[in-house]
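One structure is given here, and the rest of the page talks about it.
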Amino acid sequence: MKNTTQVGIIGAGPSGLLLSHLLHLQGIDSVILESRSRQYVEERVRAGVLEQGTVDLLCDSDLGDRLRREGLVHHGIELRFDGRGHRIALSDLTGGRAIWIYGQQEVVKDLINARLAADATIHFEVDEVKLSGIDSTRPVLEYRRDGRDHKLTCDFIAGCDGSHGVSRDSIPAGVLRTYHHVYPFGWLGILAAVAPSTEELIYASHDRGFALHSLRSPEISRLYIQVEPDEDINNWPDDRIWEELSIRMATDDGWTLQSGPVLEKGITPMRSFVVEPMQFGRLFLAGDAAHIVPATGAKGLNLAVHDVHKLAEAFSAWFRAGTNELLEQYSANCLGRVWRVQDFSSFMSLMLHRYSDDDGFRGRLQRAQLNYVCSSQAAARSLAENYVGLPHV
Ligand SMILES: Cc1cc2nc3c(=O)[nH]c(=O)nc-3n(C[C@H](O)[C@H](O)[C@H](O)COP(=O)(O)OP(=O)(O)OC[C@H]3O[C@@H](n4cnc5c(N)ncnc54)[C@H](O)[C@@H]3O)c2cc1C
């Protein structure tokens, strides 16, 4: 069992795995500690919209074979309200950029396969991960595996352990500033074994609440409806979910939603969260460990990818050239994009969801915003360039 490494990574989600892969391409050693099993992380259904920049990075890093074969390229999305659909032509408005539909769990599978093919060390099902010495030059990760205690001495630690991990909390009190906003709604999401009823994603705003028709493949649909954040999933048998989706997405010209067996369902509250800075001593936070965005902008996974790209560049500069400028600037280099994405995700959320305390005023503003986005090329371009991902922020 290895007891030293250059970068100790906590978490085998997209950020931890991609960081480990990018470091490997630079000849830098890493060890990943993951609390869940391999099967669990490979089957965890979450995001599915990849920005153009994410796809480019994955393809440029030898991770694009299956993505190019099975990913679905989308050149537009639909905003649907008042019984009509309005297409936002993403590619036409952004000089040809697009989004790709490819499930997060597929990205995770590709990354695990690539890492294991390169003999990487990923320890699944570890317990009691503890960080120490993060303000020294030899930070240590302690953990339990197969009933035994282990120690891993590192040059650096990357906290890629999501919003409920341990790394962020090991930073001393008073160092981090936390920004948190809770939206007064959640999403009930289903994965269904039915061909999508649409070729492009549909974002629907309705008096009964928001609905989204997304997809994962030509055979699998992913759909969401806005619910109360503390809603009990038991109140939503499958038939009720399909009926509500049909009502919220109905059009005047009789569009129909195909239903099918529900493979999975769950409720996610919508919130925004950011810590600043994203680093302390030799610990660097990436992905959901440092920030959460409401899913309306489809950005969480893409932001995680951006973070670890920056972090891999910074580690590479340190290990190859001995320079620490990029490490020192890591947080600043990420936070510009983090806040741009928070703003965009908040904009989409506020425009599309129904507020239960609305006396009518907010609804009128939302209609005005939707009509503007769907009638002004400047407003549509702004939405489009944010949705496909700004190349330089
Ligand atoms: C329930 C849910 C639904 C989502 N749905 C969508 C969606 O529909 N659309 C969208 O765009 N985005 C969605 N997101 C956001 C997106 O999936 C995340 O932004 C993305 O997963 C971030 O990747 P990450 O690697 O930073 O974190 P994660 O994917 O959370 O990975 C963190 C990893 O660390 C592991 N870990 C945690 N604690 C420890 C520990 N103490 N020791 C060792 N390992 C640990 C976890 O098991 C996990 O494997 C969703 C997120 C969640 C939580």
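Going by numbering that gives the first Met the number 0, the final residue of the sequence shown carries number 392, and the count climbs one at a time with no gaps. Beta carbons: idealized from backbone N, C-alpha and C, even for Gly.
Considering only their Cβ atoms, is the gap separating residue j from residue i smaller than 8 Å?
| i | j | result |
| --- | --- | --- |
| A11 | Q51 | no |
| L310 | W317 | no |
| F184 | E227 | yes |
| R270 | I291 | yes |
| N385 | F343 | yes |
| H402 | A113 | The structure shown has nothing for residue 402, since the chain only spans 0 to 392. |
| S169 | L130 | yes |
| R143 | D126 | yes |
| R247 | G188 | no |
| I425 | S196 | Within the shown structure, residues of the chain are numbered from 0 to 392, placing residue 425 beyond reach of any answer. |
| F272 | Y178 | yes |
| L18 | A378 | no |
| A203 | F80 | yes |
| G70 | Y101 | yes |
Just the Cα atoms here: how many angstroms apart are residue i and residue j?
| i | j | result |
| --- | --- | --- |
| L32 | F283 | 15 Å |
| L89 | A297 | 14 Å |
| V367 | T3 | According to the sequence provided, residue 367 is Ala. The question's Val does not apply to it. The straight-line gap from Cα to Cα measures roughly 58 Å. |
| H85 | Y371 | 11 Å |
| G359 | L244 | 23 Å |
| R67 | P171 | 44 Å |
| R37 | E77 | 36 Å |
| V30 | G362 | 50 Å |
| L56 | P390 | 12 Å |
| L24 | D91 | 34 Å |
| S34 | E124 | 4 Å |
| Q225 | R353 | 8 Å |
| N234 | H73 | 34 Å |
| A194 | E218 | 4 Å |
| R319 | V6 | 14 Å |
| R404 | E41 | Nothing about residue 404 can be read from this structure; the chain reaches only from 0 to 392. |
| S374 | P236 | 38 Å |
| K150 | D306 | 27 Å |
| T250 | D238 | 20 Å |
| D287 | S213 | 22 Å |
| L349 | P293 | 11 Å |
| T136 | M0 | 22 Å |
| T255 | K108 | 34 Å |
| S355 | A119 | 50 Å |
If I follow the unbroken beta strand (DSSP E) through residue i, where does it start and stop?
| i | result |
| --- | --- |
| M269 | V261 to E275 |
| V48 | V48 to E50 |
| C153 | R147 to G158 |
| H73 | L71 to H73 |
| Y142 | V139 to R144 |
| Y202 | I201 to S204 |
| Y354 | No beta strand (DSSP E) holds Y354; DSSP gives it neither H nor E. |
| G299 | No beta strand (DSSP E) contains G299, which is instead part of the alpha helix (DSSP H) from G299 to S315. |
| P183 | R176 to A191 |
| V6 | T3 to I9 |
Might you give, ordered along the chain, the residues of its own chain that have their beta carbon closer than 6 Å to the beta carbon of residue i, omitting 5 neighbours on each side?
| i | result |
| --- | --- |
| T53 | N301 and V304 |
| V174 | F279 |
| P138 | G132, C153, I156 and R281 |
| D392 | Looking at the sequence shown, residue 392 is not Asp but Val. Excluding sequence neighbours, V392 sits near G335, R336 and R339. |
| V48 | I98 and A297 |
| A289 | V274 and M277 |
| A393 | A question about residue 393 goes unanswered here, because the residues of the chain that appear run from 0 up to 392. |
| P268 | G185 and P228 |
| R380 | L92 |
| D61 | none |
| R45 | Q103 |
Between residue i and the rest of its own chain, which residues show a CB-CB distance below 7 Å, the 5 nearest in sequence each way excluded?
| i | result |
| --- | --- |
| M347 | T295 and G296 |
| T322 | A316 |
| G95 | none |
| A383 | I87, L89, L92 and T93 |
| R460 | The requested residue 460 is not part of the displayed model; the chain covers only 0 to 392. |
| R83 | T250 and D251 |
What residue range does the alpha helix (DSSP H) around residue i cover?
| i | result |
| --- | --- |
| Q38 | R37 to E42 |
| E77 | Looking at the DSSP string, E77 is not in any alpha helix (DSSP H); the run it does join, the beta strand (DSSP E), is I76 to F80. |
| W338 | Y329 to L351 |
| E377 | Strictly speaking, residue 377 in this sequence is Ala, with Glu absent from that position. Where A377 is concerned, the enclosing alpha helix (DSSP H) stretches over Q376 to V387. |
Whose C-beta lies closer than 8 Å to the C-beta of residue i among residues of the same chain, with five residues either side of it excluded?
| i | result |
| --- | --- |
| L22 | Q5, V6, D28, S29, A311, F314 and S315 |
| I111 | A11, L16, R37, V40, E41 and I121 |
| Q341 | S271, V273, H290 and V292 |
query = Just checking, does the segment 155–164 make contact with the segment 14–30 on the three C-beta pairs under 8 Å criterion?
reply = Here the segment 155–164 makes contact with the segment 14–30; the two share three or more CB pairs at distances below 8 Å.
#### Entry: Stretch pair the segment 322–336 + the segment 259–279: three plus CB contacts closer than 8 Å
yes
- Mind the definition here: the segment 56–73 touches the segment 248–267 only if three or more C-beta pairs lie below 8 Å; say whether that holds. no
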